[in-house]
Amino acid sequence: TRLNRVPKTAAVAETLCTTAEALIGLGRPKEALQKVRMALGMREELLGAHHGEVGYSHYVLARCHEALRDYGSAMNECQRAAPILINAYSADSPIVQDNLALVRRAAAGAAAVQSGRQPG
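What follows is the structure in structure tokens.
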């Protein structure tokens, strides 16, 4: 695809992640998935696995999985994001709190699916 030929720069990663967030907001998480995964890969390669922007990319990927009702993957990405975000920011920062809220929603969604109910 054309995305495979995109240069790996911090600016491109930022654009991909921002685009993915917009697509999630527009109800198009399937389209967002490849973009956020590319942003995550670029950021890991350029910045290192423990950089705050990498943690944020994990968080956006978790949001994408949540929107796709893949709650297990959402929780996995939140768990990857949490220590990075806490280290990069602080435990009481808005992004860390948003990540924790996403863990709760994903857990509730997973429990609903497992019990045969429709996730809320």
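Residue numbers (our numbering): 22 to 141. Every residue gets a Cβ at the ideal spot worked out from N, C-alpha and C, and that includes glycine.
Cβ neighbours of Thr40 within its own chain (closer than 8 Å, five residues either side excluded): Ala53, Lys56. Judged by DSSP in its simplified three-state form, Lys29 adopts coil rather than helix or strand.
Rounded to whole angstroms, the gap between the alpha carbons of Pro140 and Ala102 is 23 Å. The C-beta distance from Ser78 to Arg64 rounds to 5 Å, short enough to fall under 8 Å. Per DSSP, Arg90 lies in no alpha helix (DSSP H) and is assigned neither H nor E. The DSSP assignment places 50-68, 73-88, 92-109 as complete runs of the alpha helix (DSSP H) inside the region 48-125, in order along the chain (cut-off: 4 residues).
Contact annotation, Ala70 with Leu37: C-beta distance approximately 18 Å; criterion of less than 8 Å not satisfied. In the displayed model, Gly130 falls within a helix according to three-state DSSP.
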